[in-house]
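Enquirer:
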């Protein structure tokens, strides 16, 4: 009777729980408390959350870096335009091309 209940319980388990059970079995764990599966899910959730937060902070840093590079590029362009304007003014200022 207990075997039939175990078979029914395994059929009713969600796919993720079946995967956890097979992972435990592949690691050689034959006996465990039922809450181990839930604890594994909690650990899995925390690890994935940490990865997500780390990747999100990296994304934010890259966006800030991209913005800073765009600003520097614009600054250099403006500096070059200003420098070329000054150069033209110094070179051709005497010819009335101001």
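Numbering (the working numbering), first residue to last: 8 to 105.
By construction, the Cβ of each residue, glycine as well, lies at the ideal position given by its N, Cα and C atoms.
Excluding sequence positions up to five away, which residues of its chain have a Cβ less than 7 Å from the Cβ of residue 14?
Expert: With a pLDDT of 47 at residue 14, under the threshold of 50, the modelled position of this residue cannot be trusted; read the value that follows with caution. Within the same chain, residue 14 has no close Cβ partners at all.
Enquirer: May I ask you to verify whether the stretch 19-31 touches the stretch 44-63, counting CB pairs closer than 8 Å and requiring at least 3?
Expert: A contact exists between the stretch 19-31 and the stretch 44-63.
Enquirer: Quick test of your reading: residue 39 and residue 31, contact by CB under 8 Å. State the CB separation rounded to the nearest angstrom.
Expert: With 8 Å as the limit, residue 39 and residue 31 qualify as a contact, their Cβ atoms being about 6 Å apart.
Enquirer: Helix, strand or coil for residue 40? Go by DSSP, reduced to three states.
Expert: Correct three-state label for residue 40: coil.
Enquirer: What residue range is occupied by the uninterrupted alpha helix (DSSP H) comprising residue 30?
Expert: Here the alpha helix (DSSP H) through residue 30 covers 22-33.
Enquirer: Report buried or exposed for residue 36, applying the criterion of at least 16 other Cβ atoms within 10 angstroms of its Cβ.
Expert: Looking at its Cβ environment, which holds fewer than 16 other Cβ atoms inside 10 Å, residue 36 is exposed.
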